[in-house]
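Quick notes on the structure that follows.
Protein chains in written order, with the numbering used here: chain E, 1 to 397; chain U, 398 to 955; chain R, 956 to 1165.
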């Protein structure tokens, strides 16, 4: 692109008072040459850098963030703040990667007060590197709106991420090798995905839905997630903030509630009937049930999440159950389930983006003579082999 | 409908019902049980209706959609009375021929009757089919004669005579005595003496008491309770009312599955009809005894079949078990004495009252009396529900009734009791069906599901399967159960996938010891039972899987 | 039945020591009254006994029968013999701790107990959730504060705690009394997560098109 020579990267530096700031000072005094793109914020310790600072910098158009601290073991405080900076940077890099930004835009280095030349060398390397990456977002192929949206989603999660870091992503032994070993391990990846990655996706979906009403298919396209992933996240989202419905027939709901009111355990019966009628349980309906039956919402939430009978998200037009009872299991239900998953592209508990199918595994319904069996919209199809299942499903629209 | 106010009015009504029935009038009884649902029995039924209408036979032939006949493998099954000709695997196409040949001309259609797959020997009547020949069908036998939606059908086979005898001729104490003498043991899994449970509830302080039918039937591969409850609901209801009278309860609950609409419909119908006749409600049969029943649907999770969880569910709470340091028969629903028994247990009650404890105890073994319903599934020729006297050997059930293993395979094991049960190997198949004998072998009878496993089954895999099920279907409240199952499942998955390590078996045993001792309810305490029983009989399979891993690891090191 | 109602005093034996207890007391209460320590995690004096963590498991001997019971729930009865430490009790507690340390290795409460019972925090593979599901927050909010802002969702191995956003947004900021009860600070994490996901400052309704 022709605009290359006009791009002057904006770099923000967070430098620790005791080492790196003094090092940078020395570089200046010693007249070492380095690109002047960096603006510096002096902190008492690199451990003071909050992930929110970094995200704010990027949100405000900074193209690269540099953090400079004392060498490990040389922190001026007994809390060894530079180790905190180290784990924070590992996590932030992972976050940047997760939202599609190049993690190279964030760099942490140890520079002592006497290493003016080292500071200059690092800058001589870092600034051109960023220059090569291009402006934030554009370099990664993200448009401005998308970039802002993603950074905001992460920012929202920062208080949570910090707690997770403290409780779950802590490295017990303070050596650089141990930190490196942990943060590049499979275990870290797994914990990150389960604890942060998934939440981030949910957070983004929530933000999208705040802007406008979208279908699962549209969400999948915007966020580049598979339909199966979107469906899984929607299930989680519905537990944090239920999805509102377009229109609920309140009279019908009231009728159901009144029918059971006053009877023992009416709550479960009411919920079962609404689920049966409506095929899912929207937030407004649960609120109504909670008020009318005078049962706390928390108890309702526990009951409706106790079993897959209930759904907090809209179900597909056709509900497919693959029986995974033991008799069906020994007769090959696993292969059958795999085939069904491949055919409709979703996993149990999920709904496809066109709302055509919802898939569930069903417990033994006692039709063991039919195993392996699938049940579509209450209709039993017995003795279904993987190659026969296509014929069964093609009859549903 | 007339309300019945005395024993004699009941007998008159019964006479009336019987007199209207011509024993020589043809009747087509079609199995409408769960197992036949997926075999399009609905289409068979409507084909018969159409055909009868077309031929203008409506007044001359009765059609009856009955409960489960038990032989699900060969469904839909059709019986033609009065000759009781039995046709198997009937399709709508066969219907015109059945009507014209069998119903009208009394001719047996050869291709529709049962033929033994091995010998080719044919059988035109249920009693001649090997599946039925070796059974003793005290509880389920009436299913084929009854439309579950007709109380008159139940009265026609002598229904509610035990209730009338109990309420009008016996004292609650006498009933308790009779049940105790019959040595009736709970059929839900525990095998606890029902009479003792009832007595505890009766003697517990407080006026309000509850009786409950546990029709949750969450045990995987068990489907005999729904065969009774949907096929002959009045027999369970009759038992429940008798029990309520003996205990001094005026409110009962029937707790059943929400995922089987047929169950709820048939129960609701039975309750309405019984109430109309005055067999339920205020002043039953003019005895002065009042009793009401509510149907409660479960939310379908396995743990909600545990008695204290079930009771919490009836209260409207999440189905989390409560520690039973005080028994539910003393403090159950809302802290009131609550006697809970399983469907089959209640269904035994009218039988005992009717025929007496002496008759009842003449069947069975020394400590397990009467008959037991079992459901056969897995790698077996004849899937279905069978009823046998206690003492029948497992081998007789699997081979005599079940027809053995399909595809020429050998049998490896029989798994009893679902996810909280255990397996016995081929070498122990001559063990008699008995609460205590099987428990001794680490495979308690449970509710009576028998999962037959052929030689190709990996016992490690099937054990993993049950733990996987429990990790989803337990409540997750207490640590030993929730975390113990999680860890055992993980280790078993590793072993199955060939990633097992030395010491894994010992670790599994250690975990199972802790979950068994420290869990809150029976689910957690017995969660490791399938594991322990397979370790007892099939330890070599675990060891072989782990050794394979070790060998390949050593190879890599070289 | 009800024979002991009047005679309220019951003598039981805990670790060889005679302890006087009143009818209706639990073993834990009796032990505490005699200054005998039994570890607990899900127990709180203001809350109904819950019996979830099972760390208070003790050996109880009644009429020659020995069983393992949760001290926080088990009612005292005449001639009950309780052993708060035994080889098996310690084994149970050790494993329960190891189960929980797979979730929350840095919980000070768990670490202290782990030292006592020799539990190894690396016995089992690490779990992502650092909640041990003691339910103190859920029960405190329901029983003491009567707000029900936080509850359990799901079952089995997937069980977790969740705030109800509508209630939490109104009630929690001024209360937060449950926060110090949490042995792992997961509660705080769950709260800030709810805050960032669901407390809508800008716009509220979220709708999913069909």
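Cβ atoms here follow ideal geometry from the backbone N, Cα and C, with glycine treated the same way. Since the model is a prediction, treat every value here as computed from it, not as a measurement.
Cβ neighbours of residue i in the same chain (closer than 7 Å, five flanking residues each side left out)
i               : result
residue 1114(R) : 1088 and 1107
residue 1085(R) : 1058, 1059, 1139 and 1141
residue 1154(R) : 1120 and 1124
residue 870(U)  : 698, 699 and 700
residue 478(U)  : 423, 424 and 426
residue 493(U)  : 448
residue 32(E)   : 116, 117 and 120
residue 578(U)  : 754
residue 1028(R) : 981, 1004 and 1006
Of the residues the options, the one placed nearest residue i, counting alpha carbons only
i               : options                              : result
residue 1022(R) : 1127(R), 1008(R), 1041(R) and 994(R) : 1041(R)
residue 205(E)  : 218(E), 142(E) and 324(E)            : 218(E)
residue 759(U)  : 787(U), 710(U), 446(U) and 867(U)    : 787(U)
residue 798(U)  : 411(U), 481(U) and 528(U)            : 528(U)
residue 461(U)  : 654(U), 453(U), 441(U) and 471(U)    : 441(U)
residue 1147(R) : 240(E), 209(E) and 192(E)            : 240(E)
residue 222(E)  : 208(E), 134(E) and 393(E)            : 208(E)
residue 215(E)  : 389(E), 373(E), 175(E) and 234(E)    : 234(E)
residue 268(E)  : 713(U), 843(U), 589(U) and 443(U)    : 713(U)
residue 537(U)  : 602(U), 428(U), 443(U) and 487(U)    : 428(U)
residue 1054(R) : 637(U), 876(U) and 482(U)            : 876(U)
Residue i Cβ short of 6 Å to the ligand MN heavy atom set
i              : result
residue 156(E) : Only the bare structure without any ligand can be found here, which leaves the ligand MN out of the picture.
C-alpha distance - residue i paired with residue j, whole-angstrom precision
i               : j               : result
residue 905(U)  : residue 690(U)  : 45 Å
residue 998(U)  : residue 978(R)  : Summary: the structure shown does not reach residue 998(U), with chain U confined to residues 398 through 955, and so no result is reported for it.
residue 316(E)  : residue 358(E)  : 5 Å
residue 926(U)  : residue 583(U)  : 20 Å
residue 399(U)  : residue 281(E)  : 43 Å
residue 692(U)  : residue 202(E)  : 40 Å
residue 106(E)  : residue 349(E)  : 39 Å
residue 300(E)  : residue 290(E)  : 7 Å
residue 560(U)  : residue 747(U)  : 7 Å
residue 54(E)   : residue 65(E)   : 7 Å
residue 1080(R) : residue 895(U)  : 18 Å
residue 535(U)  : residue 732(U)  : 36 Å
residue 384(E)  : residue 365(E)  : 15 Å
residue 525(U)  : residue 679(U)  : 45 Å
residue 1099(R) : residue 1091(R) : 11 Å
Contact set for residue i: own chain, Cβ-Cβ below 6 Å, skip 5 residues either direction
i              : result
residue 41(E)  : 14
residue 961(R) : Residue placement at residue 961(R) is flagged as unreliable, the pLDDT there being 47, under the threshold of 50; a coordinate-derived value is accordingly withheld.
residue 686(U) : 564 and 642
residue 810(U) : 820, 822 and 850
residue 800(U) : 778 and 779
residue 404(U) : 561 and 565
residue 802(U) : 776, 808 and 851
residue 720(U) : 917
Residues that DSSP places opposite residue i in a beta bridge
i              : result
residue 847(U) : 773(U) and 813(U)
residue 322(E) : 361(E) and 374(E)
residue 590(U) : 582(U)
residue 484(U) : 475(U)
Exercise. Is the region 407-426 of chain U touching the region 352-366 of chain E in the sense that three or more CB pairs, one from each, lie closer than 8 Å?
Worked result: no
For this session: Take every Cβ of the region 252-269 of chain E, pair it with every Cβ of the region 216-234 of chain E, and state whether three or more of those distances are shorter than 8 Å.
Result: no
Problem set entry | Sufficient close CB pairs (3 or more, under 8 Å) joining the region 154-166 of chain E to the region 85-104 of chain E | yes
Problem set entry | Stretch-stretch touch, CB-based, cutoff 8 Å, three pairs: the region 333-347 of chain E with the region 276-293 of chain E | no
For this session: Flag this pair as touching only if the region 907-914 of chain U and the region 873-885 of chain U have three or more C-beta atom pairs under 8 Å; answer yes or no.
Result: yes
Exercise. If we count Cβ pairs, one from each stretch, closer than 8 Å, do we get three or more for the region 601-609 of chain U versus the region 517-528 of chain U?
Worked result: no
Exercise. When the Cβ atoms of the region 658-675 of chain U are set against those of the region 621-638 of chain U, are three or more pairs found closer than 8 Å?
Worked result: yes
Exercise. Does the region 10-24 of chain E come close enough to the region 67-77 of chain E that 3 or more CB-CB pairs lie under 8 Å?
Worked result: yes
For this session: Kindly confirm or deny that the region 130-148 of chain E and the region 170-183 of chain E touch, where touching means at least three C-beta pairs closer than 8 Å.
Result: no
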